[in-house]
Amino acid sequence: MNLPMPSSAPLPPSANMSESRTSSLAHLLDWHVLDDAVWSEAIQRAVYHHEHAGRWTDAGRGRSIALMFFNPSLRTRTSMELAAAQLGAYSTTLTPGQGTWKFAFGKGQVMDGDEAEHIKEAIGVLSRYYDAIGVRVFASQTDYEQDRSDRLIHTIAESATVPIINLESAFFHPCQALADAATIHRRLEQPAGRKFVLTWAYHPKALPMAVPNSALLMAARLGMDVTVAHPRGFELDDGVLNLARSYTDNVRIVNDPDEAFEDADVIYAKAWAGSLVYSDPEREQALRSRHREWRVTAERMARTNDGVFMHCLPVRRNVVVDDSVIDSDRSIHLLQAEFRLHAQKAILEYVWNLR
Ligand code: CP
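One rule links them: number in the numbering used here = place in the sequence shown (from 1) + 452.
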C-alpha cells in the first residue's frame, strides 16, 4: 500500500517560532526556540521545586494568569492552577464555549455563525486583566499545514500583550516536555548517552502528535540515544525529526517494537495518528487497528536494561500498557505526573522573570 508520508519540508517559520525570539514577551510556545541556558535553568528549577515539594511562597504575589482550555485536561489544568497558587498568584480557568462565548479564529472571517467573539478581542481583553495567559488548543487533524505551523496558538500569541504559555498546541506540549526532562534527570541523573525509546502504541482514537514531538525533542536535547519505534504509516514529521537531529546524531527509526526495547533505559509510550488521518481518516483507522500488538508488555520490558516506563497520561490500561507494567516498580508515570506541578512553577518563574 502506498502511504502518504508526512511533509519533509522544514517546519514553517511560525512553528519554528523564530519570531518569538524577537518578541519582548517571554512567551513559552515551545522550548526549541529558546536557548539552552533557558531550557537547562527550567529543568534545574523543576528539580528544585520537586526537592521543595509542598512549599508555598510569595514569589508570584500580585500576579495573575488566565487558563483557556479549548480541550479537556486533568493534569495540565490542576497543576497550573496549583502552581500559580503555590507561588502566591491568582488563576482563572476558562472553557471556551462553556460559560464563555465561542471564539472565532479566522482572518477576515465573516462571523455570522455560532462564534460570538473573535479570539483577537478575547486575548486582547484578557491581556488587559492578567499577567499571563495559558492556552490549550489541540490539532485540527484535518489541516496538516495549520497543525504543523501551530497556526492557532500563533494567532493567539500575536494578539497578546502578556506572555502566552502553550498548554498543548497542535504540534508541541512544552509543559509536558519540561516535566519529562526533569523526571528523567531525577531518575537517571546523567541522561546523556542512555537509551530512550519513544514507542508508538495502539489506541482506538487517532491522537495528536504534540506529545510525541515534544518527547522526541526533549530526549534528543538531553543528549540521549533516541530510538523512535512505530509501524509504517505512523512517521513523525520530518521537520521535527530534523530538529531532534540538530541536538544529537543518535536518532534512529525502527518499525519493530521488540527490536526497539532491547537494552532501553527509558520506554516512553504514546499513541499518535498516522499521516492518513489528514486525507483519509477511515483508512487511518483501519491501518491503526491492524497494530493492536504495539502494546507495552512485561515481556517487552524484560528486553530492556531494567528500563523505566513513562507515559504522559491519560493512558488506556491493557491497550497501551499492560497492568503488569504500569503497576510495577519499573513504571514512573506518577512521578512524571507529579513533576508537572514542579515544571509549571518553573515555567511561571520564566515567563514572569521571578528569578
Ligand atoms: N499529560 C497531559 O497533558 O495531561 P492532561 O491532558 O490531563 O492535561
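Even for Gly, the Cβ is constructed at its ideal location relative to N, Cα and C.
All values reported here derive from a predicted model rather than from experimental measurement.
Neighbour-count burial assignment, P626, 16 or more Cβ in a 10 Å radius: buried
Cβ-heavy atom distance, H637 to the ligand CP, below 7 Å: no
Sub-8 Å separation of F686 and W724 beta-carbons: yes
Option in S731, S666, I605 with minimal Cα separation from Y696: Strictly speaking, residue 696 in this sequence is Ala, with Tyr absent from that position. Residue S666 is the option with its Cα nearest to A696.
A798 in three-state terms, based on DSSP: helix
Check: E790 C-beta below 7 Å from any heavy atom of the ligand CP: no
Own chain partners of V803 with C-beta closer than 7 Å, once the 5 adjacent residues on each side are dropped: A478, L480, A584, P615, I617
Distance between K722 and L793 (C-alpha atoms, nearest Å): 21 Å
H625 Cβ short of 7 Å to the ligand CP heavy atom set: yes
Residue from T594, D775, E533, A537 whose Cα sits closest to the Cα of A658: T594
Local conformation of Y582 per DSSP, three classes: coil
For D488, three-class secondary structure by DSSP: helix
Whether L619 touches T528 by CB criterion (8 Å): yes
Contact test: L765 Cβ vs the ligand GTP heavy atom, cutoff 7 Å: The ligand GTP is absent from the structure shown, which contains only the ligand CP.
Straight-line Cα distance separating R646 from A622: 29 Å
T528 CB to nearest heavy atom of the ligand CP below 7 Å: yes
One or two residues paired with F590 in a DSSP bridge: Its beta-bridge partners do not exist; DSSP assigns none.
Buried versus exposed, by CB contacts within 10 Å (16 or more), H501: buried
Buried/exposed call for T474, threshold 16 Cβ in 10 Å: Any reading at T474 needs caution, since the residue's pLDDT is 41, under 50, leaving its predicted position unreliable; the model's value is listed next. Classification of T474: exposed, given that the 10 Å Cβ count is below 16.
C764 to L669 span [Cα, whole Å]: 15 Å
Bridge partner(s) assigned by DSSP for S543: I517
Contact between the segment 572-588 and the segment 606-614 (3+ Cβ pairs under 8 Å): yes
Delimiting residues of the alpha helix (DSSP H) encompassing L669: 662-673
Start-to-end residues for the alpha helix (DSSP H) that takes in M532: 527-538
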